[in-house]
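Each residue of the sequence shown is one higher than the one before, counting from 2 in the working numbering. Yeah, the Cβ is synthetic: ideal placement off N, Cα and C, and Gly gets one too. Keep in mind the model is a prediction, meaning the values are calculated, not measured. Structure, as structure tokens:
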Amino acid sequence: MDSKALITAYYDAFNAGRTDDMLAMMHDDVEHHVNEGGIRKGKELFREFNKHMTTSYKELLTDIVVFANEAGDRAAAEFVVNGTYLKTDEGLPPATCQTYRLPAGTFFTLRDGKIARVTTYYNLADWTQQVVG
Numbered sequence: 002m003d004s005k006a007l008i009t010a011y012y013d014a015f016n017a018g019r020t021d022d023m024l025a026m027m028h029d030d031v032e033h034h035v036n037e038g039g040i041r042k043g044k045e046l047f048r049e050f051n052k053h054m055t056t057s058y059k060e061l062l063t064d065i066v067v068f069a070n071e072a073g074d075r076a077a078a079e080f081v082v083n084g085t086y087l088k089t090d091e092g093l094p095p096a097t098c099q100t101y102r103l104p105a106g107t108f109f110t111l112r113d114g115k116i117a118r119v120t121t122y123y124n125l126a127d128w129t130q131q132v133v134g
């Protein structure tokens, strides 16, 4: 599978809520660089992150555009996150099922036909403004 197809399949799985399919596309030593946070290393920590996210947020990504370099080892995606804040996340405003729409982007490193790094960026201040109202 080429790099654009891999990233497209990753986001298809995300939108369908198939986190196990997302994990299958990950390299065993995947690094997840968190927006305004640390680095999670390994599939198990990525699995835990996904579990937390699906408990606290319901999200659908739209307007996805995937880019990749010719070597096939780096890719990026730009998209819009359409979400509902379901359960209060530690350190963030209280959740009352607020909706939000947020532009975001992710950078990927690919190795051995799998995703080896995921770095997602979005504007947390914009998200906070939307959920606080």
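Identity of the residues DSSP links to residue i by a beta bridge
i, result
"Gly-84", "Glu-60, Tyr-101"
"Lys-115", "Arg-112"
"Tyr-89", "The question names Tyr, yet the displayed sequence has Thr at residue 89. Answer is none; Thr-89 lacks a bridge partner."
"Ile-40", "His-34"
"Gly-106", "Glu-79, Tyr-122"
"Val-66", "Glu-79"
Reduced DSSP category for residue i - H, G, I as helix; E, B as strand; rest coil
i, result
"Val-35", "coil"
"Leu-125", "helix"
"Met-27", "strand"
"Ala-1", "What is shown of the chain runs 2 to 134, which leaves residue 1 out entirely."
"Arg-75", "strand"
"Ala-96", "coil"
"Met-54", "helix"
"Arg-19", "coil"
Residue from the options with nearest C-alpha to residue i
i, options, result
"Gly-18", "Leu-61, Arg-102, Leu-46", "Leu-61"
"Asn-124", "Ala-105, Ala-117, Gly-114, Gly-134", "Ala-105"
"Ile-65", "Val-82, Thr-56, Thr-55, Tyr-58", "Val-82"
"Arg-118", "Pro-95, Gln-99, Ala-77, Gly-84", "Ala-77"
"Leu-93", "Phe-80, Ile-8, Trp-128, Gly-84", "Trp-128"
"Gln-63", "Pro-95, Ala-6, Arg-102", "Strictly speaking, residue 63 in this sequence is Thr, with Gln absent from that position. The residue with the shortest Cα to Cα distance from Thr-63 is Arg-102."
"Thr-120", "Lys-42, Asn-16, Asp-13", "Lys-42"
"Gly-84", "Thr-9, Ile-8, Phe-15, Ser-4", "Phe-15"
Classification of residue i by the beta-carbon crowding that lies within 10 angstroms, buried from 16 upward
i, result
"Tyr-11", "buried"
"His-33", "buried"
"Met-23", "buried"
"Tyr-86", "buried"
"Met-2", "exposed"
"Gly-134", "exposed"
"Gly-114", "exposed"
Minimum Cβ-Cβ distance from residue i to chain B less than 7 Å
i, result
"Ile-116", "Among the chains of the structure shown, chain B does not appear; only one protein chain is present."
ask   = Three or more C-beta pairs closer than 8 Å, one from the stretch 69-81 and one from the stretch 105-123: is that the case here?
value = yes
ask   = With contact counted as at least three CB pairs below 8 Å, one residue from each stretch, are the stretch 70-89 and the stretch 36-43 in contact?
value = no
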